[in-house]
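Numbering (the numbering used here), first residue to last: 1 to 180. One structure is given here, and the rest of the page talks about it.
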């Protein structure tokens, strides 16, 4: 069983992203997980859940913050995404990595700490799209997903892999509160 931690956009915008993703029949990402911004990848989030209390404590010490989604970007021609504008999400990421204590090998594998680039993935070749579709998606997202929202981040969501390549919400953890 694998876990990761993310931030979800508001429900109405989440639906807009899912509808946009579904315009490409090859895009299987909606079948994998709901739209989110990963703040802590799988490394160190083990099936025994020993990390969960440390994550709760870390979140209780982090105040809510605002996050803005912005213009589409890409990682080469393999992934297209909406950009994230806030330094707070990077700080939250760093704190969660420290709480989970993954090995340096896992930090490197999942592009964490100094390699972390917060984003909301729209599509990627790994989940069925081809490189031409990725470029088309990036171009169309500029108009079709604007205006990009700014929203309050009051909690993070832990996702659990319920079957291979399918993640569902496991637990939401409030920020800035000891009553999780």
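Glycine residues also receive a C-beta, built at the ideal position from the N, C-alpha and C atoms.
Handout entry: Where residue 4 falls, given that 16 or more other Cβ within 10 Å makes a residue buried
Key = Buried, because 16 or more other Cβ atoms sit within 10 Å of the Cβ of residue 4.
Practice task
Put residue 112 into one of helix, strand or coil per three-state DSSP.
Solution key: Coil.
Practice task
Could you pull out every residue in the same chain whose Cβ sits closer than 7 Å to the Cβ of residue 14, ignoring the five residues on either side in sequence?
Solution key: Residues 8, 34, 35 of the same chain have their beta carbon placed closer than 7 Å to that of residue 14, with the five preceding and five following residues left out of the count.
Exercise for the section: Identify every run of the beta strand (DSSP E) within the stretch 67-109, keeping only runs that are complete inside it and at least 3 residues long; order them along the chain. Expected result: List check, beta strand (DSSP E) in window: 79-85.
Exercise for the section: To the nearest angstrom, report how far apart residue 180 and residue 91 are at their CA atoms. Expected result: For residue 180, the predicted structure reports a pLDDT of 42, less than 50, and the residue's modelled location is therefore unreliable. A value from the coordinates is still provided. Just so you know, the alpha carbons of residue 180 and residue 91 end up roughly 20 Å apart.
Practice task
List the endpoints of the continuous alpha helix (DSSP H) containing residue 53.
Solution key: Note, residue 53: alpha helix (DSSP H), 52-60.
Handout entry: 7 Å Cβ shell around residue 21 - same chain, five flanking residues per side excluded
Key = Taken in chain order, the residues that qualify are 27, 29, 30, 122, 123.
Practice task
Identify every residue that forms a DSSP beta bridge with residue 173.
Solution key: Per DSSP, 156.
Exercise for the section: Please go through the same chain and pick out, in chain order, the residues whose beta-carbon is closer than 8 Å to the beta-carbon of residue 129, but skip the five residues on each side of it. Expected result: The beta carbon of residue 129 sits closer than 8 Å to the beta carbons of 24, 26, 27, 123, 137 from its chain, once the five residues preceding and following it are set aside; these are given in chain order.
Problem - Environment of residue 142 [buried if 16+ CB atoms lie within 10 Å] - result: If you draw a 10 Å sphere on the C-beta of residue 142, you find fewer than 16 other C-beta atoms in it, and that means exposed.
Exercise for the section: Taking 8 Å as the threshold, find out whether the stretch 41-54 comes into contact with the stretch 144-153 through three or more Cβ pairs. Expected result: These segments do not touch.
Practice task
Using the Cα positions of residue 159 and residue 104, report the straight-line distance between them to the nearest angstrom.
Solution key: A direct Cα-to-Cα measurement between residue 159 and residue 104 gives close to 22 Å.
Problem - Proximity below 7 Å, CB of residue 157 to CB of residue 149 - result: Against a cut-off of 7 Å, the Cβ pair of residue 149 and residue 157 comes out as no contact.
Exercise for the section: For residue 125, name the three-state secondary structure that DSSP assigns. Expected result: Reduced to three states, the DSSP call for residue 125 is helix.
Exercise for the section: Drop a sphere of 10 angstroms on the beta-carbon of residue 119, count the other beta-carbons inside from all chains shown, and report buried for 16 or more, exposed for fewer. Expected result: Buried, by the Cβ-count rule.
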